[in-house]
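Undergrad: Protein sequences, first through last, are from chains Z and Y.
The first sequence lines up with residues 9 to 351 when you count with our numbering.
The second sequence lines up with residues 9 to 351 when you count with our numbering.
Protein chains: 2
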Amino acid sequence: MALRKPTITDVARTAGVSKGLVSFALNDKPGVSPETRKRILDVAGDLGWRPSLSARSLSTKTSFALGLVIRRKAEVISADPFFPAFIAGVESVLTEEGRALVLSVVPDATAEMKSYRTLAGDNRVDGVFLTDLRRNDERFDLLAELALPAVALGRPGPGVEIPSVQVDDTHGIAAAVAHLISLGHRRIGHVAGDPHMMHGGRRRSSFTDAMRDAGLDPSLVIETDFSASQGADATRTLLGAGAPPTAIVFANDPMAIAGLGVAQQLGLHVPDDLSITGFDGTDISGYVYPALTTITSDPVEWGRVAARTLLALIADGSAESVELPPAALLVRASTGPPPPAAP
Amino acid sequence: MALRKPTITDVARTAGVSKGLVSFALNDKPGVSPETRKRILDVAGDLGWRPSLSARSLSTKTSFALGLVIRRKAEVISADPFFPAFIAGVESVLTEEGRALVLSVVPDATAEMKSYRTLAGDNRVDGVFLTDLRRNDERFDLLAELALPAVALGRPGPGVEIPSVQVDDTHGIAAAVAHLISLGHRRIGHVAGDPHMMHGGRRRSSFTDAMRDAGLDPSLVIETDFSASQGADATRTLLGAGAPPTAIVFANDPMAIAGLGVAQQLGLHVPDDLSITGFDGTDISGYVYPALTTITSDPVEWGRVAARTLLALIADGSAESVELPPAALLVRASTGPPPPAAP
DNA sequence: CGCGCCACCTAAACCGGTATAGATTCGCCT
DNA sequence: AGGCGAATCTATACCGGTTTAGGTGGCGCG
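1. Ignoring anything shorter than 3 residues, give me the beta strand (DSSP E) runs that lie fully in the stretch 301-333 of chain Z, in order along the chain.
2. Which residues in the same chain as T17 of chain Y place their Cβ atom closer than 8 Å to its Cβ, once the five residues preceding and following it in sequence are excluded?
3. Quick one: which unbroken beta strand (DSSP E) runs of 3-plus residues sit fully inside the stretch 60-128 of chain Z? Chain order, please.
4. For R212 of chain Y, tell me which candidate among Y:L321, Y:I181, Y:E146, Y:P166 has the shortest Cα-Cα distance.
5. Would you mind reading off the limits of the alpha helix (DSSP H) that contains A52 of chain Z?
6. Using 8 Å as the threshold, is the C-beta distance between G208 of chain Z and D202 of chain Z below it?
7. I need the boundaries of the beta strand (DSSP E) containing S237 of chain Y, first residue and last residue.
8. Put S31 of chain Y into one of helix, strand or coil per three-state DSSP.
9. When we look at the beta-carbon of P298 of chain Y and count the other beta-carbons within 10 Å, is it buried (16 or more) or exposed?
10. If we count the other Cβ atoms within 10 Å of its Cβ and call it buried at 16 or more, is P103 of chain Z buried or exposed?
11. For A108 of chain Z versus A73 of chain Z, is the C-beta spacing smaller than 8 Å?
12. Select from Y:H193, Y:P334, Y:R312 the residue whose C-alpha is nearest the C-alpha of V113 of chain Z.
13. Measuring CB to CB, does G301 of chain Y end up less than 8 Å from F258 of chain Y?
14. Look at the Cβ atom of L332 of chain Z, then the Cβ atom of W310 of chain Z, and state whether they are nearer than 8 Å.
15. Using 8 Å as the threshold, is the stretch 253-267 of chain Y in touch with the stretch 41-56 of chain Z, meaning 3 or more CB pairs across them?
16. Tell me where the alpha helix (DSSP H) around V19 of chain Y begins and ends.
17. Does the distance from the C-beta atom of R58 of chain Y to that of D140 of chain Y stay below 8 Å?
18. When the Cα atoms are used, what is the spatial distance from A357 of chain Y to T68 of chain Y?
19. Taking G294 of chain Z as the reference, give the member of Y:I303, Y:D291, Y:L318, Y:L268 with the closest Cα.
20. Taking just the CA atoms, how far does G248 of chain Z sit from A350 of chain Z?
21. Contact criterion: CB-CB distance below 8 Å. Does Y124 of chain Z meet it with respect to chain Y?
22. In whole angstroms, what is the alpha-carbon distance linking M9 of chain Y and G24 of chain Y?
23. Taking only the alpha-carbon atoms, compute the straight-line gap between D36 of chain Z and D50 of chain Z and give it to the nearest angstrom.
24. Within 8 Å of any Cβ in chain Z, is that where the Cβ of T285 of chain Y sits?
25. Which residues share a DSSP beta bridge with Q174 of chain Z?
26. Can you tell me which of Z:N144, Z:D291, Z:H204 puts its alpha carbon nearest to the alpha carbon of P366 of chain Y?
27. Grouping DSSP H, G and I as helix and E and B as strand, with all else coil, what is T285 of chain Y?
28. Could you tell me the distance, in whole angstroms, from the CA atom of L260 of chain Y to the CA atom of P346 of chain Z?
29. Which same chain residues, not among the five before or five after P334 of chain Y, have their C-beta less than 7 Å away from its C-beta?
30. Please determine, among Z:N144, Z:L151, Z:G106, the residue with the shortest C-alpha to C-alpha distance to S123 of chain Z.
31. Which parts of the stretch 136-224 of chain Y are runs of the beta strand (DSSP E), unbroken and 3 residues or longer, counting only runs that do not cross its ends?
32. Output the distance between the C-alpha atoms of S235 of chain Y and E83 of chain Y, rounded to the nearest integer angstrom.
33. For P14 of chain Y, collect the residues of the same chain with a Cβ closer than 6 Å to its Cβ; drop the 5 residues on either side in sequence, then sort them by chain order.
34. So S1 of chain Y and D324 of chain Y are supposed to be a Cβ contact under 8 Å. How far apart are they, rounded?
35. How would you list, in chain order, the residues of chain Y whose beta-carbon sits under 8 Å from the beta-carbon of G53 of chain Z?
36. Below 8 Å, can you find three or more Cβ-Cβ pairs linking the stretch 153-170 of chain Z to the stretch 224-239 of chain Z?
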């Protein structure tokens, strides 16, 4: 009756070897004859031995877990469809590797810093994912101080050496603008995300660049915090201006959906009176009416690749950054030619 | 220069006591004189000592972490706004307690079971949250076998002894039906969730009960998996029927939004031609047009209470179930009187 | 034949805490 | 004065692995 779960000592005794040798066999280190190794592993299998994670952690100082710190106010967290999908991707890799994901959701910068410190200090994780990169991100210094391996989601600014996994969303925004221009739009607005975040800033400058390249006015931009609420406000502001845009490029889907709501509330018909594009290709964006033209990335794949990259970084001490396929424009029903009235 | 982080031995040596005593002082156990205790804690503070989590885990067999296993296909996970908010609530409690949340996202039942086994076997967590309760849920037996403390989200069926934290969503559905009836609706449909899930089943039967109590036909119900996609399909089916309903009660917000999209696509005006209610009170539901009448729960609070309950269960070996304030109806613009044509 | 070397394996220290058994001190009681 | 018990503290085993320092035996080679 195996009441207690077997330990390495049980395995050693049963196999008639020392426990050190069992450890060698387990981690296939040299110095164990093939026959002995097989015998040990067989015995371990028979006994149903699974080495204790805590004991391993204590002696190796690794936790076999990765960390993800998300900084979002509780009210806003649900609005962002990125994380659940990203996490699903991460998990699909981690479970195969017998590792776990430690999640930390914090409301503000102070708590965020403390969270990284605790995660590292308690040896809870062997590495972390860095999301929502910001300009002059304090976290880079912190991670260096803590000697905590990290993979960035998105391109860190120049001078930062940590590996990253990114998609080129520039291309997607440019494609959206090109699409709208080809439909005949000339006054195009942009409801941008948080300019302090790298991706917010990058999408915004992609928009500006694309407009300028086309010889159009790139100044119809309103910055937000990516929330549906501010997306709605921004839309109202844009549409209330003297010469409102005939199309609006939103920096994410929830804001686009909120913008669509505002337009409809104002009695505008989308896309006849106003064209709208989203960003992210969330599930729900295909089911609003009209279905949103949006720019799709693949957050699940992003999670998978980021997890593999971080594991490689931890194992090898270095890892190559990865560029995922660029975000692609998915044309649906929320974009069309501008109204005849507007030139 | 403290290169190495201090250990209990350093503290003991500096304070001039044995390390056992330091351990006692730390966990305020009896047998330490007040002065000595203070001196030890002072020294610990000066040295910046933080007890090693791995070492503690090894000797106490507790991990100071809680687990959450989410079973969702990767494609669907983003659609569910519950989890991010719930997790934010859990975290707000855990960070204060110096505990972490280990998240596991799995695609199917097999992986789910394995996940619980691994979490328990590796001693990764001291307890778990049980979400998406199902009828004859196999997890109850599994958790008993693993001797893993758990708190259920929602009411487990009879005969199950584990503590739970729940909101009475019956009340919310009933309120929605009452609201629609008071507006004059007589043919009301219901796009239900997964009947294998407890909350899906309960909302459905609440609907049926409320309708029957009002003397109305409770049979206009279509079951779905809670996804926007199936919500859209169900709406099309209901509206395409011989005598379509004048109002539809959806079992969650994403389906309601998808249903709204379908209605608009069919040229119906909401709420003049069709009234719609959602469920969950997600952020985005207030920004679609018309803003959704919905039933609000408070998933953040739910997370907080669930976390506290699970911690109490782990600490004391037992905990009281908690009933949260019932879900409340939030009347917005998507509900109104039925069209005159329909009696 | 004796030496060195390599392959294989053991013994024991170690990671940093917790827990238990026993030592010491001191006050109090008879 | 002697003894008992409570309070306080020390020494040490222990949790279950990893890792290092040695030890043994067999073989090739001069």
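All residues carry an ideal CB built from backbone N, CA and C; glycine is no exception.
Since this is a predicted model, take the numbers as computed values, not measurements.
TA: To lay it out plainly:
1. 302-304, 330-332
2. Working through the second sequence from its first residue, we reach residue 17 of chain Y at position 9. Cβ neighbours of T17 of chain Y beyond the five flanking positions: K27.
3. 73-79, 108-114
4. Stepping through the second sequence from its first residue, residue 212 of chain Y is reached at position 204. The candidate whose alpha carbon is nearest that of R212 of chain Y is Y:I181.
5. Residue 52 of chain Z sits at position 44 when you count from the first residue of the first sequence. Start and end: 42-55.
6. Position 200 of the first sequence holds residue 208 of chain Z. Position 194 of the first sequence holds residue 202 of chain Z. Contact: yes.
7. For this step, residue 237 of chain Y is matched to residue 229 along the second sequence. First-last for S237 of chain Y: 236-248, but that is the alpha helix (DSSP H), not the beta strand (DSSP E).
8. Position 23 of the second sequence, counting from 1, holds the residue named residue 31 of chain Y. Three-state DSSP puts S31 of chain Y in a helix.
9. Within the second sequence, numbered from 1, the residue matching residue 298 of chain Y stands at position 290. Burial call: buried.
10. Looking up residue 103 of chain Z in the first sequence gives position 95. With the sequence shown as reference, residue 103 of chain Z is identified as Thr, and Pro is not the correct amino acid for it. By the 10 Å Cβ count, T103 of chain Z comes out buried.
11. For this step, residue 108 of chain Z is matched to residue 100 along the first sequence. For this step, residue 73 of chain Z is matched to residue 65 along the first sequence. Taking C-beta atoms as the reference points, A108 of chain Z and A73 of chain Z count as a pair closer than 8 Å.
12. To locate residue 113 of chain Z, count along the first sequence from 1; it is residue 105. Looking at the Cα atoms, Y:R312 is the closest of the given residues.
13. For the purposes of this step, residue 301 of chain Y is taken as residue 293 along the second sequence, with counting starting at 1. For the purposes of this step, residue 258 of chain Y is taken as residue 250 along the second sequence, with counting starting at 1. In the sequence as displayed, the identity of residue 301 of chain Y is Thr instead of Gly. Contact flag unset, no.
14. As a working mapping, residue 332 of chain Z is identified with position 324 in the first sequence. As a working mapping, residue 310 of chain Z is identified with position 302 in the first sequence. In this structure, W310 of chain Z lies closer than 8 Å to L332 of chain Z by Cβ.
15. no
16. Indexing the second sequence from 1 puts residue 19 of chain Y at position 11. It spans 16-23 - the alpha helix (DSSP H) in which V19 of chain Y sits, taken as one unbroken run.
17. Counted from its first residue, the second sequence places residue 58 of chain Y at position 50. Counted from its first residue, the second sequence places residue 140 of chain Y at position 132. No, they are not a contact pair.
18. Residue 357 of chain Y is absent from the structure shown; chain Y starts at 9 and stops at 351.
19. As a working mapping, residue 294 of chain Z is identified with position 286 in the first sequence. Just measuring C-alpha positions, the residue of Y:I303, Y:D291, Y:L318, Y:L268 sitting nearest G294 of chain Z is Y:L268.
20. On the first sequence, position 342 is the one that residue 350 of chain Z refers to. On the first sequence, position 240 is the one that residue 248 of chain Z refers to. Caution is warranted here: a pLDDT of 45 is assigned to A350 of chain Z, below 50, making its placement in the model unreliable, and the coordinate value is therefore given only provisionally. Taking the straight line joining both Cα atoms gives about 15 Å.
21. Along the first sequence, read from residue 1 onward, the residue named residue 124 of chain Z stands at position 116. Not closer than 8 Å to any Cβ of chain Y, the Cβ of Y124 of chain Z fails to qualify, so no.
22. Position 1 of the second sequence, counted from the start, is the residue given in the question as residue 9 of chain Y. Position 16 of the second sequence, counted from the start, is the residue given in the question as residue 24 of chain Y. Note on M9 of chain Y: pLDDT 45, under 50, position unreliable in the model; no value is reported.
23. Here residue 36 of chain Z corresponds to residue number 28 of the first sequence, with the count starting at 1. Here residue 50 of chain Z corresponds to residue number 42 of the first sequence, with the count starting at 1. Distance between the alpha carbons of D36 of chain Z and D50 of chain Z is about 14 Å.
24. Sequence index remark: in the second sequence, residue 285 of chain Y carries index 277 (1-based). It does not: the Cβ of T285 of chain Y has no partner Cβ on chain Z nearer than 8 Å.
25. For the purposes of this step, residue 174 of chain Z is taken as the residue at position 166 of the first sequence. Z:E331, per the DSSP bridge assignment.
26. A question about residue 366 of chain Y goes unanswered here, because the residues of chain Y that appear run from 9 up to 351.
27. Taking the first residue of the second sequence as 1, we reach residue 285 of chain Y at position 277. Three-state DSSP puts T285 of chain Y in a strand.
28. In the second sequence, residue 260 of chain Y corresponds to position 252, counting from 1. In the first sequence, residue 346 of chain Z corresponds to position 338, counting from 1. Note that residue 260 of chain Y is Asn in the sequence shown, not Leu. Spanning the two alpha carbons is a distance of roughly 35 Å.
29. As a position in the second sequence, residue 334 of chain Y is number 326, starting the count at 1. Excluding residues within five positions, the ones whose Cβ falls inside 7 Å are V175, D176, H179, G180.
30. By 1-based counting over the first sequence, the position of residue 123 of chain Z is 115. When each option's Cα is compared against that of S123 of chain Z, the closest is Z:L151.
31. With a minimum length of 3 residues, the unbroken runs of beta strand (DSSP E) contained wholly in the stretch 136-224 of chain Y fall at 158-161, 172-175, 196-200.
32. Here residue 235 of chain Y refers to the residue found at position 227 of the second sequence. Here residue 83 of chain Y refers to the residue found at position 75 of the second sequence. Roughly 10 Å between the two C-alpha positions.
33. In the second sequence, residue 14 of chain Y corresponds to position 6, counting from 1. Within the same chain, P14 of chain Y has close Cβ partners L55, W57.
34. A query on residue 1 of chain Y cannot be resolved here, the shown segment of chain Y reaching from 9 to 351 and no further.
35. Counting from one through the first sequence, the residue named residue 53 of chain Z turns up at place 45. Residues of chain Y whose Cβ lies closer than 8 Å to the Cβ of G53 of chain Z do not exist; the shortest such Cβ separation is about 15 Å.
36. no
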